[in-house]
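Presented below is the structure to which this report refers.
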Amino acid sequence: MTLLAALDDVGRDPRRGGWSRHLGDDAESTLREWFTEQAGRRGLQVETDANLNLWAWWGDPEGPDAVVTGSHLDSVPGGGAYDGPLGVVSALAAVDALRARGVVPGRPLAVVVFAEEEGGRFGVPCLGSRLLTGSLDPDRARGLRDPDGVTLAEALTSRGLRADHLGPEPRRIARLGRFVELHVEQGRNLAPRGEPLAVGSTIVAHGRWRLSFTGRADHAGTTRRADRRDPMIPAATTVLAARAAMETHGEDARATVGRLHPVPGGTNVVASRVDLWLDARGPLPRALVDDVTAAARRTADAEGCTVEVRAESVSDEVTLDPGLADTLSTITRAGRLATAAGHDAGVLAAHVPAGMLHVRNPTGISHAPDEHAEDDDVASGVRALADVLEELCR
Ligand code: GLV
Ligand code: MN
Ligand code: MN
């Protein structure tokens, strides 16, 4: 798709592969400018809300019962090209399609870009939509730190953005009538079904926990086994406990350690501290995390280390609005799909009828450079989204 291809060079990550686009970095700022310019070309009125989300309005931004579509432009570290951007460019392309059809929306229509959906820099996913809806405390958000220790407040200020306005915007939420997010499929379900599209049904419960193990730094060569208090040992056990818990908590349970940070991080140094992040998903992620943290505490104790466990974000299972899902199915004639990936639609769903359209991903790979959707399927997604918006905006 031409619009997506235009973003190809933005935020390429030669070290990790794929793309790294995070709130407040150069790539993400370029994407914000790109979106503003694209929206302007379409005669849409762009505003940034108090929580760094971008809104491009066709019709009155103050009007009631708005129909909103969009997604996010940030990525995970070394991510793919479709997760997020596909929903944004499809929204813009759907606006073009509606214009070409001569549609005049009977209510305000907006394309939204939510900030830091992946939590790739500051750790909390769906940062912009959580702040907007009041499910994340703005003081906590301002103090979130990136891997270099820069706080969100500092990062925003250094970009000329305001951190003091962060917080819930109930009046804005009250003006929203429905939200529909189009997204690349994550996982491989539609290819075996031979279906290019699906309507979202549920989003599984998920969350992120940080485990910080503290031991004692020492020399890798001269420290006897008996004298070691090596936090890497309980950290390693925790990785294996996560895999074991995934096996004992049922086939929908997921437990991943994708990030682990030893301090000081020298080859010839017993670490003083190891931070690791556990991503847990499934029907009962807290029970899974209890098992993993019990193993972490046991092995930390045996090694003479301590462990501190902190939930960084927890999201309960979300059922997307059943009435809206029925409408989307009727319009698109697509089947249903549950997802184990988090989305701003899941955050919005507690406040506004929210729905999703998933576009087939032939390999199912996501959060990685090989994430893909075929052009024909992308075109089907845009057509379906335009049909949905046309109907909802009547
Ligand atoms: C976000 O895409 C997530 O599922 O973590
Ligand atoms: Mn994602
Ligand atoms: Mn996404």
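Numbering-wise, my numbering comes out as the position in the sequence shown, counting from 1, plus 1360.
Yeah, the Cβ is synthetic: ideal placement off N, Cα and C, and Gly gets one too.
Selection from H1525, R1490, L1363 and W1379 that minimises the alpha carbon distance to A1709
Out of H1525, R1490, L1363 and W1379, the CA that lies nearest to the CA of A1709 is found in R1490.
Go through the residues and name those whose CB comes closer than 5 Å to any heavy atom of ligand 3, in chain order.
For ligand 3, the selected residues are D1443 and G1444.
What ranges does the alpha helix (DSSP H) occupy inside the segment 1502 to 1539, keeping only unbroken runs of at least 4 residues that lie completely in it?
Taken in chain order, the complete alpha helix (DSSP H) segments of 4 residues or longer contained in the segment 1502 to 1539 are 1512 to 1518 and 1530 to 1534.
Using C-beta distances below 8 Å, list every residue in its chain close to G1423, excluding the 5 sequence neighbours before and after it, in chain order.
R1467, P1468 and R1535
Near D1735, what residues of its chain come up, given a Cβ to Cβ distance below 7 Å and the 5 sequence neighbours on each side ignored?
M1361
Throw me the rounded Cβ distance for the H1718 and E1545 pair, which I believe falls under 8 Å.
5 Å
Select from V1748, A1746, S1673 and T1659 the residue whose C-alpha is nearest the C-alpha of C1486.
When each option's Cα is compared against that of C1486, the closest is S1673.
Given 8 Å as the limit, tell me if H1727 has its C-beta closer than that to any heavy atom belonging to ligand 2.
Answer for H1727: yes, Cβ within range of ligand 2.
Using a threshold of 9 Å, state whether the C-beta atoms of L1452 and G1741 are closer than that.
Contact annotation: L1452 and G1741 have beta-carbon atoms that are not nearer than 9 Å.
Cβ pair L1414, R1381 closer than 9 Å
no
Secondary structure at S1726, three-state DSSP: helix, strand or coil?
Looking at S1726 - three-state DSSP - the assignment turns out to be coil, as it is neither helix nor strand.
Mind listing which residues have their beta carbon within less than 5 Å of any non-hydrogen atom of ligand 1? Chain order is fine.
A1701 and G1702
Which residue comes first and which comes last in the beta strand (DSSP E) that contains P1622?
R1614 to V1623
Taking the C-alpha atoms as reference points, what is the distance between G1664 and R1589?
5 Å
Closer than 8 Å: G1439 CB and nearest ligand 2 heavy atom
yes
Would DSSP call T1627 helix, strand or coil?
coil
Cβ atoms of G1702 and H1579: under 9 Å apart, would you say?
no
Return the Cβ separation of N1721 and R1548 in integer angstroms, given the expectation that the two are a contact with Cβ distance under 8 Å.
7 Å
Excluding the 5 residues flanking P1594 on each side, which residues of the same chain have their C-beta closer than 7 Å to its C-beta?
F1573, A1656, T1659, A1660, E1663, C1665 and V1667
Between which residues of its own chain and R1542 is the CB-CB distance below 6 Å, once the five residues before and five after are set aside?
Correcting the residue type first, residue 1542 is Leu in the shown sequence and not Arg. Counting only residues of its own chain and dropping the five nearest sequence neighbours on each side, L1542 has a CB closer than 6 Å to the CB of G1447, S1450, L1717, G1741 and L1745.
Helix, strand or coil, according to DSSP, for M1606 in the structure here?
helix
Buried versus exposed call for R1481 [16 or more other C-beta atoms within 10 Å across all chains shown]:
buried
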